[in-house]
Each structure stands twice: as C-alpha cells, then as structure tokens.
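The next block holds one structure in the form of structure tokens; read it before the comments.
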Amino acid sequence: MWRRLSSVFAPGSYTSSDHHSVTSRSASPRPFRKNTTQTLPELPIADSPITTISEHMPPKGVRQPREKAWIGSRDSGKRSDKDGKERDVRKDSKDKDRDRKEKDRARDQDEPGPATSSRDKPKSKSETIRVLTAEKLTLSTQLAQLQAQVRTFEERDGITQSQYRALEEEVQTLRRKAAQDDEEIQSLLSNGTRATEAAAKHIQDLESRTQGLEEQLRRAKEKLQRAEVRQANGVVARPDHGAHAEEVFKSKADSYAGAEIIRMVETLNSEILQCAAFVAEAIMAADSKSKEEDRVIEKCRRRTADRVGARLMEAMKRNVETGEKDPLPLQLALQHTLLVWSCYIVQAFTPENKELNGQLSGIWSKIAMREEPAVAGKWRAIMASQLRGPTTMYRAIYDDCRYIMVAGGWSSRASHSATLSANVQARLMAVESSIMKLKEAVIEGVTSTEVVPCICNVGQAYDPDQMDSAYPDHTDQDFVQKPIVCTTDLGVKKLVATRLRDGSLAKNYELILKPKVILPSALDDGTVL
Numbered sequence: 001m002w003r004r005l006s007s008v009f010a011p012g013s014y015t016s017s018d019h020h021s022v023t024s025r026s027a028s029p030r031p032f033r034k035n036t037t038q039t040l041p042e043l044p045i046a047d048s049p050i051t052t053i054s055e056h057m058p059p060k061g062v063r064q065p066r067e068k069a070w071i072g073s074r075d076s077g078k079r080s081d082k083d084g085k086e087r088d089v090r091k092d093s094k095d096k097d098r099d100r101k102e103k104d105r106a107r108d109q110d111e112p113g114p115a116t117s118s119r120d121k122p123k124s125k126s127e128t129i130r131v132l133t134a135e136k137l138t139l140s141t142q143l144a145q146l147q148a149q150v151r152t153f154e155e156r157d158g159i160t161q162s163q164y165r166a167l168e169e170e171v172q173t174l175r176r177k178a179a180q181d182d183e184e185i186q187s188l189l190s191n192g193t194r195a196t197e198a199a200a201k202h203i204q205d206l207e208s209r210t211q212g213l214e215e216q217l218r219r220a221k222e223k224l225q226r227a228e229v230r231q232a233n234g235v236v237a238r239p240d241h242g243a244h245a246e247e248v249f250k251s252k253a254d255s256y257a258g259a260e261i262i263r264m265v266e267t268l269n270s271e272i273l274q275c276a277a278f279v280a281e282a283i284m285a286a287d288s289k290s291k292e293e294d295r296v297i298e299k300c301r302r303r304t305a306d307r308v309g310a311r312l313m314e315a316m317k318r319n320v321e322t323g324e325k326d327p328l329p330l331q332l333a334l335q336h337t338l339l340v341w342s343c344y345i346v347q348a349f350t351p352e353n354k355e356l357n358g359q360l361s362g363i364w365s366k367i368a369m370r371e372e373p374a375v376a377g378k379w380r381a382i383m384a385s386q387l388r389g390p391t392t393m394y395r396a397i398y399d400d401c402r403y404i405m406v407a408g409g410w411s412s413r414a415s416h417s418a419t420l421s422a423n424v425q426a427r428l429m430a431v432e433s434s435i436m437k438l439k440e441a442v443i444e445g446v447t448s449t450e451v452v453p454c455i456c457n458v459g460q461a462y463d464p465d466q467m468d469s470a471y472p473d474h475t476d477q478d479f480v481q482k483p484i485v486c487t488t489d490l491g492v493k494k495l496v497a498t499r500l501r502d503g504s505l506a507k508n509y510e511l512i513l514k515p516k517v518i519l520p521s522a523l524d525d526g527t528v529l
C-alpha cells in the first residue's frame with residue numbers, strides 16, 4: 001500500500017491512465033464491510049510537493065465533476081493550477097464585464113428617462129424637454145405671482161408708512177394746538193373769573209338801583225294817573241303832567257348830537273377800511289409757497305363762509321387757486337367782519353361775557369318796551385357806566401380775522417408771519433379804541449332816545465331806500481331785491497317813538513346814515529342771482 005501511494009505521489013509517476021484507473025475504481029462502488037477499518041500510515045508531508053490539501057480544493061459553491069479526484073498525479077496538480085488561473089481569468093473577465101455594464105448603466109442614468117433603444121431615445125428627449133418646459137412655465141408663473149405679491153406688499157408698506165407719518169404729523173399739530181388752547185383757556189378762565197366776580201358785584205348794585213328806580217317810577221305813574229283823573233273830572237291839576245318822572249331819569253341833556261355820532265361812525269369806517277386794506281395787501285405780498293395743511297385751510301374756509309357768505313368765499317378761493325394777487329375779496333371779508341364786531345361791542349353790555357350780556361339785554365328789552373325812550377335810555381346809560389372797564393376784545397377779533405386770513409392765502413408758516421400778526425393786532429387795538437369811544441357816545445352820551453350803528457346782513461335783499469352801493473354803477477338797478485355780498489360801511493339808525501291816541505307808544509327806527517354794501521357787480525363774476 002505504501003509503495004502504491006508512493007508511486008502515485010512520486011513526481012512524474014502519475015499519468016492519465018492512472019487517473020482513469022483511479023477514477024474508474026473510485027467510481028465503482030465498493031461493498032460495505034462492517035467493522036473493517038484500514039489505517040493509513042502517516043505520510044511524509046515534507047517530501048510531498050502538495051503541502052496542504054486545501055490549496056487544491058475547489059472554491060465554495062463550484063461543483064466539480066465526480067470523475068475528478070482531489071488526489072492525483074503531478075499532471076493533476078498542474079491542471080488544477082491551470083484551472084485556477086483560468087478561473088481567475090474568467091473572474092477578471094466577469095469583473096470587467098460587470099464594470100462595463102455598470103458604466104453603461106451610469107451613462108444611461110445621466111440621460112433622462114429609462115434606457116431604451118436608439119430608435120426610442122429621441123422620443124424620450126422630446127418628452128423630457130416638454131416636461132421641463134412645462135415646469136419652467138409653471139415656475140415662471142409662480143415667480144411672477146410672487147413678484148406681484150412682493151410689489152403689492154411694498155406698496156402697502158409704503159402707503160402704511162406715509163399714512164403713519166401723516167397721522168404722526170397730525171398728532172403733533174393737534175398737540176401743539178391743544179397746548180395753545182390750554183394756554184388760552186387758562187387765560188380766559190382767569191380773566192373770566194375776575195370779570196364774573198366784578199360783573200356779579202355790578203349786577204347786585206344795578207339790581208338795587210333798579211328797584212329804587214322802579215319804585216320811583218311807580219310813584220310817578222300813580223301821580224300822573226291821579227292828575228289825569230282830576231283833569232278828566234274838571235279839577236285843575238298842578239302843572240307837572242308826569243314831568244317829574246322824566247326829570248328823574250333825564251337829569252341832563254344829550255351830550256352828543258346826531259351829526260357828531262355820524263362823524264364818529266364815519267371815522268370808524270375809515271379806520272376799518274385802512275386796517276382791512278393793510279392786511280389784505282400784506283398777505284398778497286407775502287410768500288405764497290408756504291401753506292397751511294389742507295385740513296386747516298378747509299376748516300378756515302367753512303368758518304369764513306359762515307361769516308361773510310359763500311359768494312365772497314368762492315371769490316377768495318378762486319383768487320388763491322389761480323395765483324392772482326387781487327386783495328379786494330380778502331379786504332371786503334375783513335371789512336364786513338370788523339363791522340359786525342363793532343356793532344356787537346357797541347350794543348352789548350358785557351361783550352366779554354355773553355351769558356351775562358344776555359341777561360342784561362333781556363332786562364333792557366322789557367324796560368324799552370314799557371317805558372318812554374328817555375326813561376329806557378337813562379336806565380341803559382346808568383348800567384353801561386357801571387359796567388365800563390378795560391377790554392381786550394381785539395384778541396377775539398384777531399382770532400376771527402385769522403381764519404379769514406388763512407382762507408385768503410395767509411400761512412402762519414410763512415416768513416415774517418409773526419411780524420404781520422403783531423402789526424394786525426396793533427391796528428385792531430386802535431380800531432377797538434374807536435369802537436369804545438363810539439359806544440360811550442351813543443349809550444351814555446345820548447339818553448333822550450336810542451341812536452346806534454347798524455349793518456346789513458350777508459345775503460340781504462338790496463333796497464336802495466335802506467342802503468347805498470359802495471361802488472355806484474348804472475347796473476345797480478339790476479340788483480334791486482337781489483342778495484348783497486357784504487357791508488363795507490356802518491350806518492346809523494335812530495329810534496323814534498310816537499304816542500298813539502290810545503296812549504300806547506309806536507316805536508320805529510329811521511336811518512340818519514345809510515350803510516354801504518357790495519353788490520355782485522363789484523366782483524369779477526358780476527352774476528345776478
């Protein structure tokens with residue numbers, strides 16, 4: 001057995017015939033022998049060319065033909081080496097084929113769409129182009145929508161910021177105006193408190209004096225009635241005929257005649273004209289670039305329309321918007337406003353306190369209705385002398401004129417506006433002084449009757465018997481019974497009382513000086529309404 005194995009593993013001793021013989025023998029089944037074992041002697045591995053059997057074992061998973069035995073001759077070992085090399089070559093070729101396929105697959109993946117034949121590739125590219133074009137259009141539409149939304153948000157943000165700035169400016173303006181109003185209110189409250197206290201004291205004195213005068217008047221009337229009864233009964237009466245009552249309330253003659261009152265009124269008209277002309281020309285010469293806020297201008301225009309009428313306000317507005325420098329509309333508006341204030345101050349008992357003035361005027365109206373003009377005039381003179389005192393009505397007049405000035409194009413933001421404001425107030429103080437002199441003359445200087453200045457209202461029908469045209473024209477007759485624009489000069493009216501047969505008094509006013517008015521022909525439009 002040893003010799004046979006030695007011959008098998010000896011170099012060059014193994015041939016193909018031996019291989020076939022071995023395989024044939026190995027292929028034929030052997031009979032199973034029970035409990036028959038054959039122990040092979042230990043081989044000298046160091047002398048064998050095959051060091052380990054595992055080197056020539058086939059790879060896992062590769063089935064070898066059954067006829068190939070793992071034990072063979074040297075040729076069999078060489079064939080095993082050759083087979084291993086061939087397997088390595090096949091493996092390398094398989095790896096190369098696999099790498100080439102992977103590269104082809106990667107190149108196909110770089111192109112859009114699945115890998116197809118050369119005949120289908122153009123169709124896949126066109127479809128891909130259409131898909132990409134549609135996606136591009138969709139993205140472009142979305143981008144345009146986003147850009148439009150961004151522009152909308154930017155516009156809204158800009159509008160919001162401008163509105164915020166405008167509101168903040170308006171708040172600052174209102175705060176400044178509120179501060180000014182607070183200062184004026186505090187000043188008016190302090191002045192009003194002092195005036196109210198003084199007026200209350202005067203009222204108490206006047207009430208006590210009025211009660212005494214009414215008692216004297218009652219006794220005088222009783223004497224007069226008894227005298228009339230005695231005269232009716234044929235009894236000779238003492239020659240007083242109620243003159244005692246008149247002597248009580250008319251202790252002295254009138255200090256001013258009608259002509260003197262007329263001259264004083266004409267002087268006041270001249271001063272008012274000069275003041276209004278000065279203000280209007282100064283505003284026309286001022287810088288027109290600086291303007292008040294639109295809200296302030298609109299407010300001033302509404303108030304001016306209430307004072308001087310819509311027609312004159314429209315003339316002023318047209319003058320400002322067209323850039324014309326015609327001072328006439330503004331001058332007429334200021335003249336009419338100053339004349340209205342003049343009439344109010346002259347006829348009011350307390351111009352600064354309207355509530356107190358209303359109470360005193362009510363008492364005066366009752367006395368004037370029941371008593372003789374001389375008695376009523378004396379009562380009014382006594383009350384006016386007791387209420388006389390320093391006044392600051394020029395401030396209220398200036399506040400009223402300031403609205404008209406802004407409506408006529410003036411701005412407190414303009415250069416030299418403070419200087420103009422001071423000059424206007426100085427002129428108004430002079431006008432107020434003339435008004436107070438006229439008031440003293442007609443209220444305290446004339447007690448036999450009532451002589452007061454008069455004015456025509458805006459929109460009053462033109463009546464040549466009651467008023468004169470400030471600018472006479474041959475077209476004045478066309479405006480008879482048509483609304484006037486405003487008044488430029490005060491008139492003077494006198495109360496005339498006539499006793500009727502039934503003993504009652506008929507009172508009427510007659511004009512001793514006609515007021516002067518502006519007709520529409522004096523304005524540029526010349527429209528007859």
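All residue numbers for the sequence shown refer to full-length UniProt numbering, where the first residue is 1 and numbers rise by one. Where is the CB? At the ideal position from N, CA and C, for every residue including glycine.
Are the beta-carbon atoms belonging to ALA285 and TRP410 less than 8 Å from one another?
-> For the pair ALA285 and TRP410, the CB atoms are not nearer than the 8 Å cut-off.
Once you ignore the five residues that flank PRO327 on each side, which residues in its own chain have a CB closer than 8 Å to its CB?
-> Counting only Cβ-Cβ distances below 8 Å, and skipping sequence neighbours, we find ALA277, ALA280, GLU281, ILE283 and MET284.
VAL480, enclosing beta strand (DSSP E) - first and last residue = For VAL480, there is no enclosing beta strand (DSSP E), as DSSP gives it neither H nor E.
Give me the Cβ distance between THR447 and ALA381, rounded to the nearest whole Å; I'm assuming they're in contact under 8 Å.
-> Cβ-Cβ separation between THR447 and ALA381: approximately 5 Å, consistent with a contact (criterion under 8 Å).
So ASP489 packs on PRO464, CB below 8 Å; how close in whole Å?
-> About 15 Å separates the two Cβ atoms, so there is no contact after all.
Check each candidate in HIS336, SER124, ALA315 and GLY309 and name the one with the smallest Cα separation from LEU273.
-> For LEU273, the closest of HIS336, SER124, ALA315 and GLY309 by C-alpha to C-alpha distance is HIS336.
Between ILE404 and ARG307, which are expected to be in contact by the criterion C-beta below 8 Å, what is the C-beta distance as a whole number of angstroms?
-> Taking 8 Å as the upper bound for CB-CB distance, ILE404 and ARG307 are in contact here, some 7 Å apart.
Between which two residues does the beta strand (DSSP E) harbouring ASP489 extend?
-> Following the DSSP letters along the chain, one finds ASP489 inside the beta strand (DSSP E) bounded by residues 486–489.
Near ARG301, what residues of its chain come up, given a Cβ to Cβ distance below 7 Å and the 5 sequence neighbours on each side ignored?
-> The residues are MET313, LYS317 and ALA407.
How many angstroms separate the CA atom of GLU292 from the CA atom of ARG413?
-> Straight-line measurement puts the Cα of ARG413 at about 7 Å from the Cα of GLU292.
For the alpha helix (DSSP H) holding ILE272, just list the boundary residues, first then last.
-> Per DSSP, ILE272 belongs to the alpha helix (DSSP H) from 258–285.
Which residues bound the beta strand (DSSP E) around ILE518?
-> Note, ILE518: beta strand (DSSP E), 516–518.
Between LYS325 and the rest of its own chain, which residues show a CB-CB distance below 7 Å, the 5 nearest in sequence each way excluded?
-> Correct list, in chain order: MET284.
Where DSSP assigns a beta bridge to ALA506, which residues make up the other side?
-> Per DSSP, the beta bridge partners of ALA506 are THR498.
Cα separation between LYS299 and LEU513?
-> About 36 Å.
MET383 to GLN359 span [Cα, whole Å] | Rounded to whole angstroms, MET383 to GLN359 spans 13 Å at the Cα level.
Three-state class that DSSP yields for ALA470 in the structure shown = Looking at ALA470 - three-state DSSP - the assignment turns out to be coil, as it is neither helix nor strand.
From GLN466 to PRO390, what does the alpha carbon distance come to, in whole angstroms?
-> If I take the Cα positions, the gap works out to 35 Å.
Output the boundary residues of the beta strand (DSSP E) element that contains VAL340.
-> In this chain, VAL340 is not harboured by any beta strand (DSSP E); it is covered by the alpha helix (DSSP H) spanning 328–347.
ARG427 to CYS343 span [Cα, whole Å] | Going by the C-alpha atoms only, they are around 18 Å apart.
Kindly indicate which residue of ASN357, PHE349 and LEU356 has the alpha-carbon position closest to the one of ARG388.
-> In terms of Cα proximity to ARG388, the closest of ASN357, PHE349 and LEU356 is PHE349.
Skipping 5 residues on each side, what residues in its chain have a beta carbon closer than 6 Å to that of TYR471?
-> ALA522.
Assign ALA430 to one of three DSSP states: helix, strand, or coil.
-> Helix at ALA430.
Residues of its chain near GLU510, where Cβ-Cβ distance is below 8 Å and the 5 sequence neighbours each way are ignored | These residues qualify, in order along the chain: LYS493, LYS494 and VAL496.
So VAL308 is in the alpha helix (DSSP H); what residue range does that whole segment cover?
-> Counting along the chain, the alpha helix (DSSP H) containing VAL308 begins and ends at 294–308.
Is DSSP giving LEU511 helix, strand or coil here?
-> Here LEU511 sits in strand by DSSP.
For SER469, count neighbouring Cβ atoms within 10 angstroms of its own Cβ and tell me buried if that reaches 16, exposed if not.
-> Of the other Cβ atoms in all chains shown, 16 or more fall within 10 Å of the Cβ of SER469; this residue is therefore buried.
Assign ALA414 to one of three DSSP states: helix, strand, or coil.
-> Collapsing the DSSP output to three states places ALA414 in coil.
DSSP state of PRO373, grouped into three classes?
-> PRO373: helix per DSSP, three-state reduction.
ASN508 burial status per 10 Å Cβ neighbour count (16 or more: buried) = An exposed status is given to ASN508, since fewer than 16 other beta-carbon atoms sit within 10 Å of its beta-carbon.
Tell me, please, which residues DSSP counts as bridged to LYS493.
-> Its beta-bridge partners are VAL452 and LEU511.
Closest residue to THR487 among LEU500, GLN481, GLY503 and TYR462 (Cα-Cα distance) | Nearest C-alpha to THR487: TYR462.
Flag ASP478 as yes if its beta-carbon sits less than 8 Å from any beta-carbon of chain D, otherwise no.
-> In the structure shown, chain D cannot be found, because there is only a single protein chain.
Alpha carbon to alpha carbon, how far is GLY503 from TRP364?
-> If you take the alpha carbons of GLY503 and TRP364, they lie about 22 Å apart.
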